[in-house]
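Below is one structure, written out as structure tokens; comments come after it.
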Amino acid sequence: MQRKYRLILRLSALLLMAASPSAHARGYASTGKCGIYPRLTITSPSGTCVGLIADDAHGLRFPRRVLEIEPGRIWVLDMGNWMPQVGQLIELRLPPDAATPANANTTARAVEARVLLSKLNYPSGMARGPDGKIYIGEADKIWRAVVPSLGQAPQPELLASGLPADGAHLLKELAFAPDGSLYVNMGSATDACRGEDQKQAVPCPERSTAMPRAAVWRMVLQAGKQPVKEFKPFANGLRNSMALAVMPDGPAAGTVWQGENNIDYRDPRQPPEELNLLRAGADYGWPYCIGARQNAQGYEKRFDCSKTEAPHMLWPAHVAPLQMLATPVGSAFGGQLLVAWHGQRADGQRLVGFARDDKGRPSGKPIQWLSNWDARPGLRPGGRPTGMGLDHAGRLLVVEDFNRSLLILMSEAGTAPRPR
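Numbered per mature numbering (1 follows the signal peptide of the UniProt record, and there is no 0), the sequence shown spans residues -25 to -1, 1 to 395.
Laid out in structure tokens, this is it:
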């Protein structure tokens, strides 16, 4: 089964490279200016616009995460494709006037790009730690580095190695808690724990190995020569936790949230994706259960799903949450939990937010920040958001993998969007 998945990944990479057109940012057409950047026709709230900061002309090939290092200086973690050891860390230097909202509508100057590191192994997680260092998750390792001078390569300090880097869900997502704990995705090796004999075992062996898969792990850091004090599973039964966030403030500060990428059924309405509130030691059901504690296909009458944790919220099937960003209460996004819905079906291809209730938990209907993002030949490709980050002015940076783009959502005046 693992050999089959590796073959699928390699074929996907070859198809991706073969299909790579030379068109501007995979098919975007400019319709004027958003600040100093080309304006794109993507629906955003009234008084805002979406601009194109960078694309394949700047070396973007398969960007997964974005982080502002300092005003006007952005790091993009680019996986390259679905092949090992081809990822890059790219630094983008924005024009000086772009770093200041008050000057955002001046004449544009070129965005400069520099590759800081190459030959990274499926890089997919990037976060700034409470120590100010940047933490990077590759498929088989986690490391951190002090922010170097402009244009200089960071010097990795290894924190964990030998992590599972095979199978269907090998990517590592990272999320820091206010107490400094680091949460890490350790995705399942298979879609539904189906062995080479096509049987679905109970119990699923992936969940009981020396380094259990289908889990979110917690790393406790400390000062000294051995920076990792503890690294062990925190919650299990989670198929693929690329959407992982910790509330930074408010009454729910420190709570850990996971957006579940469920298996794809032929039924376009099933199974739903999930938003889960993670608790230490809790079981969230994979591979036995889906949705509201219903048995998954192949596990009917073979597992009692009532023993697992119920989702906090159900989302439409196949929206594929690929990152979540828990915004501070005082930000332009008012503490919303932002989610990149990467899926190609009608409910995907968008970026949404969820307001917090009086307990500080995500609630209500999704708030549309980027929508009506379906493919329109000659105007735009279908939206494929994979990563997000806020800049120093509260504007939202968004990367898309298949579209090879870095976008910015801001007000027409070049400042942060108004709260919704």
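Virtual Cβ for every residue (Gly too), placed ideally from N, Cα, C. This one's a predicted model, so the numbers in the text were calculated from it and none came from an experiment.
Residue i in three-state terms, based on DSSP
| i | result |
| --- | --- |
| P303 | coil |
| P341 | strand |
| E181 | helix |
| K200 | coil |
| P(-5) | Its pLDDT being 35, under 50, P(-5) is placed unreliably by the model, and the measurement read from it follows with that caveat. Coil at P(-5), not helix or strand. |
| A32 | helix |
| S93 | strand |
| R1 | helix |
| C168 | coil |
| K282 | helix |
| P208 | strand |
| P71 | helix |
| I383 | strand |
| M194 | strand |
| I111 | strand |
| A77 | Reliability of the predicted coordinates at A77 is poor, the pLDDT of 49 falling under 50, and the value obtained from them is presented with this limitation in mind. DSSP places A77 in helix when its eight states are reduced to three. |
| A135 | strand |
| M288 | strand |
| V221 | strand |
| N56 | coil |
| V294 | coil |
| P394 | coil |
| P13 | strand |
| residue 402 | A query on residue 402 cannot be resolved here, the shown segment of the chain reaching from -25 to 395 and no further. |
| C24 | strand |
| L372 | strand |
| A83 | For A83, the predicted structure reports a pLDDT of 46, less than 50, and the residue's modelled location is therefore unreliable. A value from the coordinates is still provided. Reduced to three states, the DSSP call for A83 is coil. |
| K8 | strand |
| I65 | strand |
Contact check, residue i vs residue j, beta carbons under 8 Å
| i | j | result |
| --- | --- | --- |
| P54 | P98 | For clarity, residue 54 is Met in the given sequence; the question names Pro instead. In contact: M54 and P98 (Cβ atoms closer than 8 Å). |
| G22 | R14 | no |
| A307 | P392 | yes |
| V191 | L138 | no |
| P129 | A143 | no |
| V41 | G362 | yes |
| A257 | A301 | no |
| G382 | R370 | It should be noted that the sequence gives Leu, not Gly, for residue 382. The answer is no: Cβ separation not under 8 Å. |
| G234 | M299 | yes |
| Q319 | W348 | no |
| R89 | G162 | no |
| G266 | P246 | yes |
| F151 | A102 | yes |
| residue 425 | G126 | In the structure displayed, the chain extends from -25 to 395; residue 425 sits before or after that span and is not available. |
| V374 | V25 | no |
Spatially closest choice to residue i from the options, by CA coordinates
| i | options | result |
| --- | --- | --- |
| residue 412 | V86, K207 and G126 | Absent from the model: residue 412. The displayed extent of the chain is -25 to 395, so no value can be given. |
| V367 | D30, G335, I49 and D31 | A small fix is needed here, since residue 367 is His in this sequence, not Val. With distances taken between Cα atoms, H367 lies closest to I49. |
| M288 | R336, H33, Q173 and L92 | R336 |
| K116 | R103, N96 and G104 | N96 |
| N378 | D349, G357, N251 and Q319 | G357 |
| A330 | K147, G10 and M222 | M222 |
| V304 | V327, A228 and D172 | A228 |
| G100 | L91, E113 and R89 | E113 |
| W344 | P360, L149 and Q197 | P360 |
| P71 | V373, T16 and G47 | G47 |
| D30 | N270, A220, P20 and R1 | R1 |
| N56 | L326, L35 and E45 | L35 |
| E205 | M194, A198 and C179 | M194 |
| I342 | A255, Y12, P394 and P208 | P394 |
Delimiting residues of the beta strand (DSSP E) encompassing residue i
| i | result |
| --- | --- |
| R40 | P38 to E45 |
| R48 | R48 to D53 |
| Q233 | V231 to E235 |
| F151 | L149 to F151 |
| R325 | R325 to R331 |
| R103 | G100 to R103 |
| S346 | Note, S346: premise wrong, no beta strand (DSSP E); not H, not E. |
| A315 | L312 to W316 |
| R119 | K116 to A120 |
| P360 | P360 to L365 |
| E275 | Careful: E275 lies outside any beta strand (DSSP E) and carries neither H nor E. |
| N251 | E248 to L253 |
| M161 | L157 to M161 |
Near the ligand GDP: residue i beta-carbon under 7 Å from a heavy atom
| i | result |
| --- | --- |
| A85 | As for the ligand GDP, it is missing from this structure, which has no ligand bound. |
Take every Cβ of the region 348 to 358, pair it with every Cβ of the region 285 to 301, and state whether three or more of those distances are shorter than 8 Å. no
Cβ contact check for the region 165 to 175 and the region 99 to 109: 3 or more pairs under 8 Å: no
Using 8 Å as the Cβ pair cut-off and three pairs as the minimum, do the region 300 to 314 and the region 239 to 248 touch? no
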